[in-house]
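Here is the structure we will look at, set down as structure tokens.
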Amino acid sequence: MSNVGRDTMLLTTPFHSRVEAMCDLNDWGNWMGYTTPNAYFDVELEYFAIRSTTGVFDLSPMNKYRVTGPDAARYLDRLITRDISKIGINRVGYAIWCDDNGQVMDDGTIFRLGEQDFRICSYQRADDWLAWNTLGFNVNIENESEAVAGLAVQGPTSCTVLTLLGCADLNQLKPFGITHYTFEGRPMMVSRTGFTGDLGYEVWVPPESAEALWDQLFELGRDYLIKPIGSYALELARIEAGFLQANVDFMPAEEIVRVGRSRSPFELGLGWLVDFSKPLFNGRTALLREQAKGSRYRFALLDVEGNKPAEHSFILKGDKQVGTVTSAAWCPTAKANIAYAQIEMPHGAVGDDLIAEIYYQRELHWTRLLAPCKVIDAPIFKSPKRWQTPAPPH
Amino acid sequence: MTDYDAVIIGAGHNGLVCAGYLAKAGKNVLVVDGRTEPGGCASTREFTPGFRVSDCAQWLSQFDQSIVKDLDLTGAGLSLGKPKATIALQPDSNHLILDGDTITGAGVDSADQTAYRDFKNMVRSFAKLMTTLYRSRPPKLVEQNWADRLTLMKLGLGLKLLGRERLRDLMRIVMINIYDVMNEHFANAAVKSAIALDAITGTNMGPRSPNTVYSYLHRATGEHLAQTGTTQVMGGMGALGQSLANAAEKRGATLRLGSPVTAIVKTDDRVTGVTLASGETISAKLVISSADPTTTFRNLLGYHQMEAGMARRVEHYRSRSGTAKLHLALSAVPNFKGLTEAQLTERLVITPSMDGMETALNPMKYRELSDLHTFDISIPTLEDPALAPAGQHVLSAIVHYVPYTPDIGWEAGKPQLLNQLLRELEVFAPGISELVIASDLAVPSDLEASHGMTGGSWHHGELSIDQALMMRPFPGSTQYATAVNGLYLCGAGAHPGGGLQGLPGRNAAKEILKQGALS
Chain X
3 MSNVGRDTML
13 LTTPFHSRVE
23 AMCDLNDWGN
33 WMGYTTPNAY
43 FDVELEYFAI
53 RSTTGVFDLS
63 PMNKYRVTGP
73 DAARYLDRLI
83 TRDISKIGIN
93 RVGYAIWCDD
103 NGQVMDDGTI
113 FRLGEQDFRI
123 CSYQRADDWL
133 AWNTLGFNVN
143 IENESEAVAG
153 LAVQGPTSCT
163 VLTLLGCADL
173 NQLKPFGITH
183 YTFEGRPMMV
193 SRTGFTGDLG
203 YEVWVPPESA
213 EALWDQLFEL
223 GRDYLIKPIG
233 SYALELARIE
243 AGFLQANVDF
253 MPAEEIVRVG
263 RSRSPFELGL
273 GWLVDFSKPL
283 FNGRTALLRE
293 QAKGSRYRFA
303 LLDVEGNKPA
313 EHSFILKGDK
323 QVGTVTSAAW
333 CPTAKANIAY
343 AQIEMPHGAV
353 GDDLIAEIYY
363 QRELHWTRLL
373 APCKVIDAPI
383 FKSPKRWQTP
393 APPH
Chain S
25 MTDYDAVIIG
35 AGHNGLVCAG
45 YLAKAGKNVL
55 VVDGRTEPGG
65 CASTREFTPG
75 FRVSDCAQWL
85 SQFDQSIVKD
95 LDLTGAGLSL
105 GKPKATIALQ
115 PDSNHLILDG
125 DTITGAGVDS
135 ADQTAYRDFK
145 NMVRSFAKLM
155 TTLYRSRPPK
165 LVEQNWADRL
175 TLMKLGLGLK
185 LLGRERLRDL
195 MRIVMINIYD
205 VMNEHFANAA
215 VKSAIALDAI
225 TGTNMGPRSP
235 NTVYSYLHRA
245 TGEHLAQTGT
255 TQVMGGMGAL
265 GQSLANAAEK
275 RGATLRLGSP
285 VTAIVKTDDR
295 VTGVTLASGE
305 TISAKLVISS
315 ADPTTTFRNL
325 LGYHQMEAGM
335 ARRVEHYRSR
345 SGTAKLHLAL
355 SAVPNFKGLT
365 EAQLTERLVI
375 TPSMDGMETA
385 LNPMKYRELS
395 DLHTFDISIP
405 TLEDPALAPA
415 GQHVLSAIVH
425 YVPYTPDIGW
435 EAGKPQLLNQ
445 LLRELEVFAP
455 GISELVIASD
465 LAVPSDLEAS
475 HGMTGGSWHH
485 GELSIDQALM
495 MRPFPGSTQY
505 ATAVNGLYLC
515 GAGAHPGGGL
525 QGLPGRNAAK
535 EILKQGALS
């Protein structure tokens with residue numbers, strides 16, 4: 003089975019035949035070189051599948067790197083800003099990694115599969131950086147991006163559907179836990195992780211199992227209103243849930259060509275992932291310096307008045323421009339108009355009153371709107387189901 | 025409490041200079057080295073019974089005079105020979121003599137002589153500017169620091185004072201190669217290649233390689249730094265090492281020789297000492313390494329103890345060399361065609377034409393032996409007879425280009441190379457082979473092993489613009505402090521680089537004291 007499409011230079015994922023069959027809108031995008039659906043049938047209905055039933059998202063294009071060898075844990079401990087020893091076996095940790103200047107290169111999840119056996123799941127390609135990091139470590143890095151197919155199965159009925167698929171006792175799995183099953187004679191790994199801020203799982207199988215997995219999921223999930231979801235619906239859910247996206251909310255440090263365009267963890271509101279009690283990790287020296295000197299920017303979650311998404315807006319303090327919006331959406335469940343913004347220090351502290359300069363167009367008529375907004379301390383969408391164990395029945 | 029204020033790795037000239045200055049400031053300093061004699065590349069070795077030779081560096085021409093004064097090296101036993109002229113030997117025995125600003129012989133005419141004076145004046149003005157930079161810590165370009173700004177302002181003023189023509193010349197030539205610059209200035213082939221030799225000494229570059237103008241100017245700073253001309257050290261170069269050791273010890277520094285450092289110890293996020301081969305650990309507030317950057321960071325500290333970007337920079341740091349040393353024990357004074365015995369005390373060089381030098385470089389690139397070499401010859405026993413039994417002599421030559429490891433291996437390669445070198449010498453010194461009592465050939469890998477220099481690189485890393493000034497050895501570890509807390513550099517891998525100058529050691533000590541890193 004070739005993963006090169008017939009009429010396109012883009013690659014296709016192991017689920018492509020099924021995705022294509024269900025993509026009624028025929029609305030495709032290019033995600034890291036893969037043909038992926040922007041929307042299957044209706045963005046808002048897809049979004050509500052995530053929030054009310056189950057949405058299925060093909061995340062096979064994510065980059066997966068297997069890290070093994072006697073120094074695997076030490077290697078990762080220097081790579082990421084948090085303490086690897088706090089991620090137990092069969093647990094997943096959200097992590098970021100920085101360059102020596104303390105600038106964020108990417109974020110991702112680290113799956114600890116054994117004492118010295120890990121999988122990094124990252125948005126960006128990281129082959130080069132991971133290879134450079136091996137200097138001085140006895141470690142083996144394998145890019146298994148194409149050897150592992152993945153589906154995000156997210157939403158209130160997701161646990162039920164996956165249990166029907168044969169994932170026994172899945173409701174006992176804690177958030178960020180990993181459990182292993184067999185699907186049609188091949189290994190299937192399920193992690194309680196996701197990008198939607200609700201109860202949800204990610205299912206990882208060899209590419210050979212992909213089509214059968216999709217078929218059975220949709221067959222068994224029919225009564226639970228399982229729906230495929232495209233990138234647009236996921237985008238709404240992740241903004242509502244407060245997740246950052248590389249290349250959208252920050253530029254990966256290694257891709258920066260202009261001075262000052264990269265961001266540190268503190269500038270992205272990710273300081274909680276930086277563990278200075280570790281004596282060494284990439285970026286530590288620079289981040290200590292930044293901590294002492296102060297950051298240039300602050301990441302702010304904005305609750306914007308009105309219902310016009312503040313996409314690409316300038317953020318003003320009085321009439322002075324102090325920032326820009328990186329992501330924005332009207333969030334249907336939270337019923338809030340949310341924006342993520344990069345605000346110049348010292349502005350943007352929680353409670354700060356700012357103005358979003360929003361431009362929107364109706365029938366070629368442009369309107370400029372100065373929408374008051376307030377910096378809030380946490381995402382408005384909070385689902386208790388995300389943290390409950392056993393996973394609540396639907 | 026730590027055992028010492030600072031442990032200096034390496035009792036080479038820079039390590040000892042640094043120790044001398046720190047001790048002079050009242051700091052409790054220990055210098056450790058695996059070699060049993062002080063001096064590092066400033067070393068004298070008995071290569072065969074009764075015959076001693078400066079077995080690495082053989083000429084002193086750049087040693088900063090302020091160090092001689094500050095540490096009273098003369099009082100500590102340093103004695104220099106007479107300044108040497110350079111005689112570039114020609115196959116027709118009409119030799120070219122370069123002495124100060126005058127050139128004679130080899131068919132040079134008055135136009136050549138004028139061109140030589142003009143060239144020397146130009147080089148002198150550029151080198152003077154570099155000397156100012158060399159005597160201070162390298163300025164960072166972007167950080168708001170007054171000391172750095174002052175250095176940059178001085179540099180800017182110096183550039184302005186060069187005048188428009190000179191400034192234009194400097195900007196034009198510094199990135200090109202010595203081959204093109206020689207062809208611009210001179211018509212006489214002997215003059216061109218004699219000057220070009222100074223641009224490639226200690227490197228793996230040919231006259232047409234970029235960075236050769238920079239390496240030439242680097243050498244030319246010697247005229248301002250040392251003001252001694254090219255000289256030999258009485259007692260061999262090891263006597264310089266010994267005088268530095270004496271000076272440092274007199275001021276309270278402790279030396280432990282024959283004690284190789286096996287590791288730099290890092291505790292939590294800072295370097296706290298060193299481990300010796302004996303297993304002993306010595307603690308100190310600072311560890312200051314005069315070993316080359318690759319040895320310091322890769323071998324002694326270890327890549328796993330630094331951030332990955334830094335490990336990548338260390339891995340990329342270039343330390344290659346095409347330089348070997350030939351040492352001959354001679355039963356009598358050799359006879360060089362067209363030279364008087366008095367002239368044999370001068371610096372004798374043998375170079376093919378610049379094209380010939382470039383051709384001689386090619387086999388080295390492909391790990392082969394060449395059938396053409398350059399020689400930079402010293403017969404130190406004529407001025408310093410104590411280095412050999414009475415009436416007998418030592419010949420020491422810096423030879424280019426020799427591969428690090430030839431494909432045929434050194435076991436087969438060395439005898440072959442030695443024969444080839446003698447054959448080439450015979451052209452200018454007929455009968456010299458019959459005078460040879462013993463010989464010793466130190467190829468780059470030997471120099472690496474004996475003097476702990478990665479790649480056999482005399483300069484502790486190639487002298488190129490991208491590894492110079494505020495980029496030496498690499499960004500993030502300039503100004504003697506490295507990106508690792510508590511670890512400093514004071515060797516030739518730090519600004520202003522290689523050659524027997526002592527400035528990296530002196531500048532590092534001054535910077536450490538100024539920063540208050542030891543208070």
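As they're listed, the protein sequences go chains X and S. Each residue of the first sequence is one higher than the one before, starting from 3 at the first, in this note's numbering. Each residue of the second sequence is one higher than the one before, starting from 25 at the first, in this note's numbering. For each residue, glycine too, the CB sits at the ideal point set by N, CA and C. Note that the structure is a prediction, hence the values are computed from the model and not measured.
Shown here, A109(S) sits in coil according to DSSP, grouped into three states, outside any helix or strand. The shortest CA-to-CA distance from G515(S) to any of Y28(S), L40(S), D27(S), L465(S) is the one to L40(S). Contacts with chain S at 7 Å (Cβ-Cβ) include D101(X). With fewer than 16 neighbouring CB atoms inside 10 Å of its own CB, P115(S) falls in the exposed class.
Partner residues in the beta bridge of V289(S), as assigned by DSSP, are G297(S). Taking the Cα positions, G303(S) is about 9 Å away from V285(S).
Around the C-beta of I98(X), 16 or more other C-beta atoms lie within 10 Å, and the residue is accordingly described as buried.
Here the C-alpha atom of Y234(X) lies approximately 17 Å from the C-alpha atom of A336(X). Residue pairing of I345(X) in beta bridges, as defined by DSSP: R300(X), G325(X). Every alpha helix (DSSP H) stretch that sits fully inside the stretch 350 to 397 of chain S and reaches 4 residues is listed by chain position as 378 to 389. Looking at the backbone, the Cα of A35(S) and that of H483(S) are separated by about 16 Å.
By the Cβ neighbour-count rule, V205(S) is buried, with 16 or more other Cβ atoms within 10 Å of its own. DSSP links Y28(S) through a beta bridge to A308(S). Counting only runs that start and end inside the stretch 140 to 200 of chain X, the beta strand (DSSP E) elements of at least 3 residues fall at 142 to 145, 151 to 156, 180 to 185, 188 to 193. R224(X) and L115(X) have their C-alpha atoms spaced approximately 32 Å apart.
In the three-state reduction of the DSSP assignment, E365(X) falls in the coil class. Where M107(X) is concerned, there is no enclosing alpha helix (DSSP H), although the beta strand (DSSP E) around it starts and stops at 106 to 116. At a Cβ-Cβ threshold of 7 Å, V373(S) and L221(S) count as neighbours.
Three or more pairs of CB atoms, one per stretch, sit closer than 8 Å, so the stretch 317 to 331 of chain X contacts the stretch 243 to 252 of chain X.
If you draw a 10 Å sphere on the C-beta of D142(S), you find fewer than 16 other C-beta atoms in it, and that means exposed. Residue pairing from DSSP places R68(X) in a beta bridge opposite R121(X), E144(X).
Residue environment for A380(X): exposed (fewer than 16 other C-beta atoms within 10 angstroms of its C-beta). H248(S) sits in a helix when the DSSP states are folded into three classes. As the crow flies, the alpha-carbon of D123(S) is around 13 Å from that of T369(S).
In the displayed model, N40(X) falls within a strand according to three-state DSSP. Here N118(S) is exposed: its Cβ has fewer than 16 other Cβ atoms, across all protein chains shown, within 10 Å.
For P281(X) against T83(X), the beta-carbon gap comes to about 13 Å, at or over 8 Å, which does not count as contact.
In summary, G510(S) is buried, with 16 or more beta-carbon neighbours lying within 10 Å of its beta-carbon over all protein chains present.
At least one beta carbon of chain X lies nearer than 7 Å to the beta carbon of G333(S). With a threshold of 7 Å between beta carbons, G138(X) makes contact with chain S. Per the coordinates, the alpha-carbon of F383(X) lies some 49 Å from the alpha-carbon of F321(S).
For H424(S), DSSP records a beta bridge to T398(S). Taking 7 Å as the cut-off, the beta carbon of K295(X) is found no closer than this to the beta carbon of I360(X). Judged by beta-carbon spacing, Y28(S) lies within the 7 Å limit of A308(S), meaning their Cβ atoms are closer than that value. Against chain X, the beta carbon of D292(S) has neighbours under 7 Å at P281, listed in chain order. Rounded to whole angstroms, the gap between the alpha carbons of A171(S) and R59(S) is 37 Å.
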